[in-house]
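I have placed the structure first, in the form of structure tokens, so that the comments after it can refer back to it.
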Amino acid sequence: MLRKEPETNSLKLEAAFSELILPYLDIDIKYYDLGLPNRDRTNDQITHDAAEAIKKYNVGIKCATITPDEASPNGTLRNALGGTVFREPILCNNIPRLVPGWKEPIIIGRHAFGDQSIRGFAHSCFQYAISKQRPLYLSTKNTILKRYDGRFKDIFAEIYEKNYASDFKKLNIWYEHRLIDDMVAQVLKSSGGFVWACKNYDGDVQSDIVAQVLMCPDGKTIEAEAAHGTVTRHYREHQKGNPTSTNPVASIFAWSRGLDHRGKLDGNDALRKFAQTLEKACVATIEDGKMTKDLAICIYGQKGATAEKYLNTQDFLDAIDSKLQSLMG
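Structure below.
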């Protein structure tokens, strides 16, 4: 299922689908146009319809959407689904990290719904940690915000002991509560490799190379999307007919994560293998030195990222497709 906004992120998602999904898979897509004109035309009913469809089919793939002075479609969807937003960095060996010691991804789980959903937030976090086979940490400031943050700590502890402790022990992973100050210090010293459950204002972190998944408390329903916005500046260049070097990796991973979950629900191992191979193809292409301008700047700096160091979006997609074909044999 695809929901669209007519800007660069929608073009990237469409390009990823037409070049890297459609030639390899025969799948039934239900389209919901969440572009601002259609949200206005339907008085936002289209957003509610999309949420109901995600509940029905258990998988949704979404583009970034414009939110001027209107109600955020993301907020509407999260309210309807009651889910938790998880953001996971896509690691490439040749792209410098903010903290050099980070060797494994740190997956951020953000409490993105109302106070009444703390239990749903906890279930989503424990289930996601199990699916990733990673330990889970919850960070709060319960020493200061004793009542509100204390509720998070108490509810997580109760649900862990009642529902998930045995599964965690079988996987040799663990759950632990930390004060936010201690947790930040640990994150900076760690090598990564865990899920970090944050309250909304602690967890709203962004990156252009991050895959975002919203998981519902039922453990079955997800919505996948790129964590960045609509990339308006690149879209204006595209409208002029100019080539752009816009990074489509997070959009590709939105497809791969959605497809992998579809395969998991349906017991379709071939679909899961394809989704995982597509992710490997993206990373391998970048590690081969073929990348978009934003990643070249990370390696060579603003001045050093000259035109021969990066590809435009179309050439980058072609390089990923070539790598995908070679990995699939």
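Residue numbering for the sequence shown follows UniProt numbering, starting at 1 and increasing by one per position.
Beta carbons are placed, not taken as given, at the ideal position from N, Cα and C, and that holds for glycine.
As the structure is a computational prediction, the values presented were derived from the model and not from experiment.
From residue i to residue j, what distance separates their C-alpha atoms?
i, j, result
"residue 79", "residue 53", "14 angstroms"
"residue 210", "residue 294", "Note that residue 210 scores a pLDDT of 49, beneath 50, so its modelled location is shaky and nothing firm can be said."
"residue 93", "residue 287", "7 angstroms"
"residue 234", "residue 190", "Residue placement at residue 234 cannot be trusted, given a pLDDT of 49 that sits under 50; the coordinates are not used to answer."
"residue 55", "residue 261", "14 angstroms"
"residue 15", "residue 316", "11 angstroms"
"residue 225", "residue 212", "5 angstroms"
"residue 318", "residue 273", "21 angstroms"
"residue 311", "residue 117", "44 angstroms"
"residue 264", "residue 130", "14 angstroms"
"residue 301", "residue 96", "11 angstroms"
"residue 156", "residue 42", "39 angstroms"
"residue 36", "residue 48", "14 angstroms"
"residue 309", "residue 24", "30 angstroms"
"residue 203", "residue 59", "Below a pLDDT of 50, predicted positions are generally treated as unreliable, and residue 203, at 43, falls in that range; the measurement from the model is reported next regardless. Distance between the alpha carbons of residue 203 and residue 59: 23 angstroms."
"residue 40", "residue 257", "30 angstroms"
"residue 134", "residue 44", "38 angstroms"
"residue 276", "residue 46", "31 angstroms"
"residue 6", "residue 38", "Residue confidence is low: residue 6 scores 46 on pLDDT, short of 50, so the model does not pin down where it sits. Its coordinate-derived value is still stated next. Whole-angstrom Cα-Cα distance: 11 angstroms."
Leaving out five residues before and five after residue i in sequence, what residues of the same chain have Cβ atoms less than 8 angstroms from its Cβ?
i, result
"residue 280", "327"
Going along the chain, which residues of its own chain have a beta-carbon closer than 6 angstroms to the beta-carbon of residue i, five neighbours each way excluded?
i, result
"residue 214", "83, 85 and 223"
"residue 282", "249, 252 and 320"
"residue 297", "305"
Beta-carbon within less than 7 angstroms of residue i's beta-carbon, same chain only, minus the 5 sequence neighbours each way: which residues are those?
i, result
"residue 128", "86, 109, 195 and 215"
"residue 208", "Its pLDDT being 38, under 50, residue 208 is placed unreliably by the model, and the measurement read from it follows with that caveat. The answer, listed in chain order, is 228, 247, 250 and 294."
"residue 192", "102, 103, 104, 105 and 106"
"residue 91", "105"
Does the separation of the CB atoms of residue i and residue j fall below 8 angstroms?
i, j, result
"residue 21", "residue 255", "yes"
"residue 119", "residue 159", "yes"
"residue 123", "residue 199", "no"
"residue 245", "residue 292", "yes"
"residue 34", "residue 51", "no"
"residue 138", "residue 197", "yes"
"residue 126", "residue 164", "yes"
"residue 324", "residue 278", "yes"
"residue 179", "residue 99", "no"
Is there at least one non-hydrogen atom of the ligand GTP closer than 7 angstroms to the beta-carbon of residue i?
i, result
"residue 179", "This structure does not include the ligand GTP; it has no bound ligands of any sort."
Inspect the CB distances between the segment 172-191 and the segment 76-91 and report whether three or more fall short of 8 angstroms. no
Pick out the complete beta strand (DSSP E) segments inside the segment 153-193, 3 residues or longer, and give them in chain order. Taking 3 residues as the minimum length, the beta strand (DSSP E) runs contained wholly in the segment 153-193 are 175-179, in order along the chain.
Which parts of the segment 40-93 are runs of the beta strand (DSSP E), unbroken and 3 residues or longer, counting only runs that do not cross its ends? 59-62 and 84-89
Where in the segment 239-280 do unbroken runs of the alpha helix (DSSP H), each at least 4 residues long, occur, reported from the N-terminal end onward? 249-266
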